[in-house]
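Protein chains in written order, with my numbering: chain A, 1 to 177; chain B, 1 to 391. Backbone N, C-alpha and C define an ideal beta-carbon position, used for all residues, glycine too.
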């Protein structure tokens, strides 16, 4: 084997060592350093927990209370989104009838599921401006959070009653607390 | 600053004179016998005449490389003994060729010198010529054993030398042999070891370094002679590289392992607290989502109430559409631009604009308009803002 061949092989060996040895090694090293930083943070957080049981208990109570407070605006006891839509429809019809408003039409819109389920319905009726405002106030100020996603109020020529179209959504949270 | 060209005194702290016995000559004048087994580093050795053969030759070519090749190829015709250590110094170059001095080092002593890794091996006759200048001269050295040494340094530094048994050859005979007239060159007589060694030191101090170049022992620089040093160097370099590679790998590995174990132990010991912390985070996350939905909602009662306050006197609305927080109104007003101005000034109202041309009703003198705006409840968070519940 000539000196030139030996030198060539040596260079190839060094390059291979760099490519398959040193570069992956440095990659591993930088990943390990990142993991170390994360672990250091985690360990120091855990160490800070020692002797803070009372504080944690208080915080847990506070967090639970805050959650319950927010959750009470959402429906919980429903098997599926459709039942929530039905519940909303009945609630709006009850409201309308209590305001002596006759429901012209009522439709279910596409619901959406997820962590917070949304059950929208479309409702149409004729009413005076005062009746509409009272209905709207009742919807937005009720015990549960109902949103009016779309609202159309149109006056009709020669008639005192206005035509109102509401897209209303009820929201529910599934699962246990 | 010392002149670099005569830096011998700094480069060579000691000189080895190698004759029947070796002598180490120190700068401070100290002389001691060299231990043959000593591995003391010496860079310069002056070789006694008995260990080399000297000749003055002329070659028909000028390249020193060619001259060396020619000599090596036909060594028996130039040297009385076989050797691979020879030195060539150019004396003079003419059209006819190149005159050189050749020194062939005895093979046995050459082997011994190899082990010492000497940087410069200078035959003593050549060493006497190193200071240069001064023109032709003769040196006679006596008192260095049984033999006397005669050295003639001719024009251009050519050297002819000879040894003789004491009193068997005198200066006159030497002159005759080398064909030099009596008055042609001065004679320097050196007698005794001490005088000779101090003369060697004087030369070592004064000689221009470049004149040593023909006597550079390239083999001392070769891998073979420095194998031990190179091995040590390579070993050290490999150790440093290994440490450089291993340390940055080993350290993070051990630190990571230690932290993982610590983390595990903490998780075990604080499991109930960690569970509580996890529950707090879960409650907080869920609460934030629920509150966010409510807080980002734009209340339509608020929009209608605000609209009622902003509408100018005499204005009528035929059609009101609210989608999210975007409001569109179609109606008529005595002066529609007053409505737009009022809306633009209104709190929480933004991007108010007419979306169709104004039309004036000739009977009622009212302007029919379509206006849109965006309403944001003051203090309401933008969509997906999160936070405390406001309802």
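Discussion item. Count Cβ pairs between the segment 129-146 of chain A and the segment 74-90 of chain A that sit closer than 8 Å; are there 3 or more?
Written reply: yes
Fill in: Best match in 46/A, 76/A and 135/A for proximity to residue 290/B [C-alpha to C-alpha]
The residue given as residue 290/B occupies position 290 in the second chain. Here the closest residue by C-alpha is 76/A.
Practice prompt. Check each candidate in 44/B, 315/B, 202/B and 158/B and name the one with the smallest Cα separation from residue 333/B.
Written response: Within the second chain, the letter at position 333 stands for residue 333/B. Among 44/B, 315/B, 202/B and 158/B, the Cα nearest to that of residue 333/B is on 315/B.
Worksheet item: Excluding sequence positions up to five away, which residues of its chain have a Cβ less than 7 Å from the Cβ of residue 113/A?
Response: Within the first chain, numbered from 1, the residue matching residue 113/A stands at position 113. Excluding residues within five positions, the ones whose Cβ falls inside 7 Å are 81.
Item to complete: Flag this pair as touching only if the segment 137-156 of chain B and the segment 102-117 of chain B have three or more C-beta atom pairs under 8 Å; answer yes or no.
Response: no
Fill in: residue 312/B at chain A interface by Cβ criterion, 7 Å
Residue numbering aside, residue 312/B sits at position 312 when the second chain is read from its first letter. Answer no: the Cβ-Cβ gap between residue 312/B and chain A never drops below 7 Å.
Worksheet entry | Reference residue 18/B; option with closest CA among 12/B, 52/B and 28/B | Here residue 18/B corresponds to residue number 18 of the second chain, with the count starting at 1. Closest option to residue 18/B, Cα to Cα, is 52/B.
Worksheet entry | Partner residues on chain B for residue 145/A, Cβ-Cβ distance less than 8 Å | For the purposes of this step, residue 145/A is taken as residue 145 along the first chain, with counting starting at 1. By Cβ distance, chain B contributes 293, 294, 297 and 391.
Fill in: Three-state secondary structure assigned by DSSP to residue 92/A
What you label residue 92/A is simply residue 92 of the first chain in a count that begins at 1. Residue 92/A carries a helical assignment under DSSP once its states are collapsed to helix, strand and coil.
Worksheet item: With residue 268/B and residue 60/A assumed to form a contact (beta carbons below 8 Å), what rounded beta-carbon distance in angstroms separates them?
Response: By one-based count along the second chain, residue 268/B stands at place 268. By one-based count along the first chain, residue 60/A stands at place 60. The Cβ separation is near 21 Å, so there is no contact.
Item to complete: Decide yes or no for the touch test of the segment 12-27 of chain B against the segment 159-175 of chain A: beta carbon pairs closer than 8 Å, at least 3 of them.
Response: no
Worksheet item: Using the rule of at least 16 other Cβ atoms within 10 Å of the residue's Cβ for burial, across every protein chain shown, is residue 359/B buried or exposed?
Response: The sequence position of residue 359/B within the second chain is 359, counting from 1. The residue is exposed, with fewer than 16 neighbouring Cβ atoms inside 10 Å.
Item to complete: Closer than 7 Å, Cβ to Cβ, to anything on chain B: give me those residues from the segment 99-116 of chain A, in chain order.
Response: So the close ones are 115 and 116.
Worksheet item: Pick from 63/A, 151/A and 128/A: whose alpha carbon is nearest that of residue 159/A?
Response: Working through the first chain from its first residue, we reach residue 159/A at position 159. Considering only alpha carbons, the answer is 128/A.
Worksheet item: Under 8 Å Cβ-Cβ, which residues of chain A neighbour residue 319/B?
Response: Working through the second chain from its first residue, we reach residue 319/B at position 319. What residue 319/B touches in chain A: 152, 153, 154 and 155.
Worksheet item: How about residue 255/B: is its C-beta nearer than 7 Å to some C-beta of chain A?
Response: The residue given as residue 255/B occupies position 255 in the second chain. With 7 Å as the cut-off, residue 255/B counts as an interface residue toward chain A.
Item to complete: Compute every distance between the C-beta of residue 117/B and the non-hydrogen atoms of the ligand PLP, then say whether any falls below 6 Å.
Response: This structure simply doesn't include the ligand PLP, nor any ligand for that matter.
Item to complete: With DSSP as the reference, label residue 389/B as helix, strand or coil.
Response: Counting from one through the second chain, the residue named residue 389/B turns up at place 389. The pLDDT assigned to residue 389/B is 48, lower than 50, so where the model puts this residue is not dependable; a value taken from the coordinates is nonetheless given after this. In the structure shown, residue 389/B adopts coil according to DSSP, grouped into three states.
Worksheet item: Excluding sequence positions up to five away, which residues of its chain have a Cβ less than 7 Å from the Cβ of residue 229/B?
Response: In the second chain, residue 229/B corresponds to position 229, counting from 1. Result list for residue 229/B: empty, nothing under 7 Å.
Fill in: Where residue 121/B sits in the DSSP three-state scheme
Position 121 of the second chain, counting from 1, holds the residue named residue 121/B. In the three-state reduction of the DSSP assignment, residue 121/B falls in the strand class.
Fill in: alpha helix (DSSP H) segments (min. 4 residues) lying fully within the segment 199-280 of chain B
227-269
Discussion item. Are the CB atoms of residue 270/B and residue 46/A within a distance shorter than 7 Å?
Written reply: Counting from 1 along the first chain, the entry for residue 46/A is found at position 46. Counting from 1 along the second chain, the entry for residue 270/B is found at position 270. Yes, the Cβ-Cβ distance between residue 46/A and residue 270/B is below 7 Å.
Item to complete: Say whether chain B places a C-beta atom closer than 7 Å to the C-beta of residue 32/A.
Response: One-based indexing of the first chain puts residue 32/A at position 32. Chain B, which has a Cβ nearer than 7 Å to the Cβ of residue 32/A, makes this yes.
Fill in: Nearest-angstrom beta carbon gap, residue 165/A and residue 122/A [assumed within contact, 8 Å]
Working through the first chain from its first residue, we reach residue 122/A at position 122. Working through the first chain from its first residue, we reach residue 165/A at position 165. The Cβ separation is near 7 Å, so the contact holds.
Practice prompt. Pull up the distance between the alpha-carbon of residue 384/B and that of residue 293/B, whole angstroms please.
Written response: By one-based count along the second chain, residue 384/B stands at place 384. By one-based count along the second chain, residue 293/B stands at place 293. Because residue 384/B sits at a pLDDT of 38, beneath the cut-off of 50, its placement in the model cannot be relied upon, and the point is left open.
Item to complete: Please decide whether residue 46/A counts as near chain B, where near means a Cβ-Cβ distance under 7 Å.
Response: Here residue 46/A corresponds to residue number 46 of the first chain, with the count starting at 1. For residue 46/A, the answer is yes, since a Cβ of chain B falls inside 7 Å of its Cβ.
Worksheet item: Quick one: does residue 322/B have its CB under 7 Å from some CB of chain A?
Response: The count along the second chain starts at 1 and reaches residue 322/B at position 322. Yes, residue 322/B counts as interfacial toward chain A.
Fill in: chain B contact for residue 29/A (CB, 7 Å cutoff)
Start at 1 with the first residue of the first chain, and residue 29/A comes out as number 29. The beta carbon of residue 29/A sits closer than 7 Å to some beta carbon of chain B.
Worksheet item: So, is residue 217/B buried or exposed, given that buried needs 16 or more other C-beta atoms within 10 angstroms?
Response: Sequence index remark: in the second chain, residue 217/B carries index 217 (1-based). Its Cβ being crowded by 16 or more others within 10 Å, residue 217/B is buried.
Worksheet entry | residue 122/B classed as buried or exposed, judged by whether at least 16 other C-beta atoms fall within 10 angstroms | Sequence index remark: in the second chain, residue 122/B carries index 122 (1-based). It is buried - the Cβ of residue 122/B has at least 16 other Cβ atoms within 10 Å.
Fill in: 7 Å Cβ cutoff, residue 270/B in contact with chain A
As a first step, residue 270/B must be located in the second chain, where it is residue number 270. Interface residue, yes.
Practice prompt. Following the continuous alpha helix (DSSP H) through residue 66/B, name the residue where it begins and the one where it ends.
Written response: Translated into positions along the second chain, residue 66/B becomes position 66. Per DSSP, residue 66/B belongs to the alpha helix (DSSP H) from 64-73.
Item to complete: Scan the segment 54-70 of chain A for residues whose Cβ lies nearer than 8 Å to a Cβ of chain B and list them as they occur along the chain.
Response: 56, 57, 59, 60, 63, 64, 66, 67, 69 and 70
Worksheet item: Should residue 275/B be flagged as near chain A, meaning a C-beta pair shorter than 7 Å?
Response: What you label residue 275/B is simply residue 275 of the second chain in a count that begins at 1. Between residue 275/B and chain A, the shortest Cβ-Cβ separation is not below 7 Å.
Fill in: Beta-carbon proximity of residue 62/B to residue 98/B, cut-off 7 Å
On the second chain, position 62 is the one that residue 62/B refers to. On the second chain, position 98 is the one that residue 98/B refers to. In contact: residue 62/B and residue 98/B (Cβ atoms closer than 7 Å).
Worksheet item: How do the segment 228-245 of chain B and the segment 1-17 of chain A stand: do at least 3 beta-carbon pairs fall below 8 Å, yes or no?
Response: no
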